[in-house]
Amino acid sequence: MSALGIPEGRRRPAVVTGLGVVAPTGIGVRQHWESVLAGKSGLGRITRFDPSSYPVKVAGEVPGWETREQVPKGLIARTDRFTHFALAAAEAALADAAVDPEQLPEYEMAVVTASSSGGTEFGQREMEQLYQQGPAWVGAYQSIAWFYAATTGQVSIRHGMRGPCGVICAEQAGGLDALGQSRRLLDTGSRLVLSGGTDASLCPYGLTAQLPTGALSTEDDPTRAYLPFDEAAAGYAPGEGGAILVVETEEGARERGAKHYGRILGYAAGFDPPAGSERPPVLASVIRRALVDAGVGADDVDVVFADAVGTPDLDRAEAAAINEVFGAGRVPVTAPKTLTGRLYAGGAALDVATALLSLSAGVIPHTAGPGRAASGLGIDLVVDRPRHTAPRTAVVLARGHGGFASALVVDAGDRTDHTN
0 MSALGIPEGR
10 RRPAVVTGLG
20 VVAPTGIGVR
30 QHWESVLAGK
40 SGLGRITRFD
50 PSSYPVKVAG
60 EVPGWETREQ
70 VPKGLIARTD
80 RFTHFALAAA
90 EAALADAAVD
100 PEQLPEYEMA
110 VVTASSSGGT
120 EFGQREMEQL
130 YQQGPAWVGA
140 YQSIAWFYAA
150 TTGQVSIRHG
160 MRGPCGVICA
170 EQAGGLDALG
180 QSRRLLDTGS
190 RLVLSGGTDA
200 SLCPYGLTAQ
210 LPTGALSTED
220 DPTRAYLPFD
230 EAAAGYAPGE
240 GGAILVVETE
250 EGARERGAKH
260 YGRILGYAAG
270 FDPPAGSERP
280 PVLASVIRRA
290 LVDAGVGADD
300 VDVVFADAVG
310 TPDLDRAEAA
320 AINEVFGAGR
330 VPVTAPKTLT
340 GRLYAGGAAL
350 DVATALLSLS
360 AGVIPHTAGP
370 GRAASGLGID
380 LVVDRPRHTA
390 PRTAVVLARG
400 HGGFASALVV
410 DAGDRTDHTN
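The sequence shown: position 24 = 23 (numbering that gives the first Met the number 0), numbered continuously.
Below, the structure written as structure tokens:
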């Protein structure tokens, strides 16, 4: 029995044939990948509102975003920014995969997305109307635009995908969980799944809701605001955006003559025990179960894309889990999310997209920012410049606030380079 509950021998190979990216590193796969390789940061002072009265002033905003250019006019007033990002990313992913949904059976196409906060900006606007003007001024679309599942619903309607649809709410880990669920849907009859995650909480309400975690960086210098695994680590910069992926059965992609970025081989998830428990954190166990599900050994993994929260305690815990599974310093570790900030549900999905681009291009992107490794971590953090080691298999890690932990294993498959 697999980690997803599918009997062994019934697993249908899953491949990623299309990527759609909307992130602080750029809109589109090419912009994002070029920024990652160049170490071009998307972090800066918040411009979407005046952050001067807030302790957090640095974040990753999507550059050059024009909603009217990316989203059908009729949907703009009915949906939140996090859904706008997903609609644009889904459109791009389908185009990248050369998929015309009208040519596929509608009940064999599924949608699974992740969101950690839903439509916070839309909700803030409507709450302002409620308290300043009264209930009659609250728009009817508030009832659906704030909802975590709004993105899944709008994407499925727009593209006529009437197969299984769902949403995962597990903070940063949700992006991996959505892709794990997409693989399960392929095993149970779906032919194609649009999957991934986006979030957009860079508004006063959204930022205020994040502050009580105590994990956000209050550093005003964008170059110092997010330094995971560094001796100066003091929290993370928040960000907006994410990625949507087209996941298909290998057989279906072959029938279409489609190229792919790589394969999803394994997935596992868990939840940390409560504070004060004598039980250990689950991340190491989750990694091991994902490797078993993938049918690969720890020595077969060429790179780990870390969760990289950027707080000393969580960085140490992640490094310890990586070392426990792979051996101290035995596998390169990277965290390109230092260029974007943590995108919550969108962050893990973007990490998977970046990992697949890494495998396709044969290069491990570096972790921009950290300069002095925190003592005692024992990991081989890729810094300063990309490492050209022709990786073939990657593990992507994600943890969510409250205890969520997930791991996804991908490989290059037949290695078709989509990055040129």
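Just so it is clear, CB atoms sit at the ideal spot from N, CA and C, and this is done for glycine as well.
The three-state reading of DSSP puts G361 in coil, since its state is none of H, G, I, E or B. The way I'd put it, the segment 222-232 doesn't touch the segment 139-157; fewer than three beta-carbon pairs between them come closer than 8 Å.
Residue state for I243 is assigned as strand, using DSSP reduced to three classes. Here the alpha carbon of T150 sits roughly 19 Å from the alpha carbon of G27. Residue pairing for S194: DSSP places it in a beta bridge opposite V111 and L244. In the DSSP assignment, R262 falls within the unbroken beta strand (DSSP E) covering G261 to F270. Look at the segment 78-123 and you find these whole runs of beta strand (DSSP E), each 3 residues long or longer: 108-113.
Closest in C-alpha terms to P279, from the list L264, A316 and V302, comes A316. Rounded to whole angstroms, the gap between the alpha carbons of V302 and Q132 is 54 Å.
Taking a C-beta distance under 8 Å as the contact criterion, L93 and V192 do not qualify as a contact pair. Counting along the chain, T16 sits inside the beta strand (DSSP E) bounded by residues A13 to A22. About 10 Å separates the beta carbon of V21 from that of F81, a gap too long to meet the 8 Å contact definition. Excluding its 5 nearest sequence neighbours in each direction, G309 has C-beta neighbours in its own chain below 6 Å: Y225, P227, A232, G234 and Y235, listed in chain order. For a cut-off of 8 Å, the C-beta gap from T337 to R11 is around 35 Å, too long to register as a contact. When the five nearest sequence neighbours on each side are left out, the beta carbons in the same chain lying within less than 7 Å of the beta carbon of E125 are those of V137, G138 and Q141, in order along the chain. In this structure, A109 sits near M160, with a CB-CB distance shorter than 8 Å. Its chain contains no residue whose beta carbon lies nearer than 6 Å to that of D413 once the 5 sequence neighbours on both sides are disregarded. Straight-line measurement puts the Cα of A177 at about 26 Å from the Cα of V330. Boundaries of the alpha helix (DSSP H) harbouring P311: P311 to F325, taken from the DSSP string. With a threshold of 16 other beta carbon atoms within 10 Å, S276 falls short and is exposed.
As computed with DSSP, S405 is found in a beta bridge with A268 and A397.
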